[in-house]
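> The sequence shown begins at 56 in the working numbering and counts up one residue at a time.
A virtual CB, placed ideally from N, CA and C, is assigned to each residue, including glycine.
From a predicted model like this one, the values you see are computed outputs, not experimental measurements.
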Amino acid sequence: MLGSIWWSDEVHFKLNSTINRHNCAYQAEENPRVMRDREVDLPGQARKVFVAQEGEFMKAETKVVNELIRSSNLKVVVYSGQLDLIVATLGTEKWVADLDISMAFKNTKRRILVDPITQTVMGYKRSLKNFSFYWILNAGHMIPSDNPTGALQMVKLILA
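1) Do Ile-213 and Val-120 have their C-beta atoms closer together than 8 Å?
2) Nearest by alpha-carbon distance to Asn-128: which of Asp-170, Leu-145, Phe-186, Ala-206 is it?
3) Where does Leu-207 land, buried or exposed, given buried means 16+ other C-beta within 10 angstroms?
4) Tell me the DSSP secondary structure of Val-142 in three-state form.
5) I'd like to confirm the pairing. Which residues does DSSP put opposite Arg-181 in its beta bridges?
6) Pull up the distance between the alpha-carbon of Val-210 and that of Arg-125, whole angstroms please.
7) Between which two residues does the beta strand (DSSP E) harbouring Ile-198 extend?
8) Excluding the 5 residues flanking Ile-74 on each side, which residues of the same chain have their C-beta closer than 7 Å to its C-beta?
9) Among His-196, Asn-202, Gly-205, which one has its Cα closest to the Cα of Ala-143?
10) Mind listing, in chain order, the continuous alpha helix (DSSP H) runs of no fewer than 4 residues lying wholly within the segment 108 to 142?
11) Let me check one thing: in DSSP terms, what residues is Ile-167 bridge-paired to?
12) Here's a check: name, in chain order, each residue in its chain whose Cβ is nearer than 6 Å to the Cβ of Arg-166, leaving out the five neighbours to either side.
13) What is the rounded straight-line gap between the Cα of Met-158 and the Cα of Arg-102?
14) Kindly list the residues whose CB is nearer than 8 Å to the CB of Ala-115, restricted to its own chain and excluding five residues on each side of it in sequence; keep chain order.
15) Should Ile-278 be labelled buried (16 or more other beta-carbon atoms within 10 Å of its own) or exposed?
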């Protein structure tokens, strides 16, 4: 079936609480001139990726992040959606507290992120050296879909 899928800009994506499901246009078997939408499920690929990475799953990796903060010019950015039940903000804050810079970082001033149009508070940012932490309000695990304005402002600040 994958060989007969027509991939184009017109392919419609369907959110089904998992990123592995898409609606794809394909040629009908009974009449190749007819195009239909068909749900494609790719759990096998997701499983292979998960198995290949399971040794890295749920590791704190503070050692690597400490090295990046200490020895590189790279921006190290951590962000968390206030309503995230998968990677809870309190857990992320605890992880940041385990970094070498945590004492100095805790004493830095927190910047308020405000929607430029509505003037509502969208989140907060705290930075030290090349490390930044963003708290995005009214957003869960999918910050760009939950709070697109907050996500865009965060990305603009990261790229600035």
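Short version:
1) Against a cut-off of 8 Å, the Cβ pair of Val-120 and Ile-213 comes out as no contact.
2) Phe-186
3) exposed
4) coil
5) Phe-188
6) 23 Å
7) For Ile-198, there is no enclosing beta strand (DSSP E); the residue is found in the alpha helix (DSSP H) stretching over 198 to 201.
8) Low confidence applies to Ile-74: its pLDDT is 38, below 50, so where it sits in the model is not reliable enough to give any reading.
9) His-196
10) Taken in chain order, the whole alpha helix (DSSP H) runs of length 4 or more contained in the segment 108 to 142 are 117 to 126.
11) Tyr-179
12) Lys-180
13) 39 Å
14) Trp-150, Asp-153
15) There is no way to answer for residue 278, as the model of the chain reaches only from 56 to 215.
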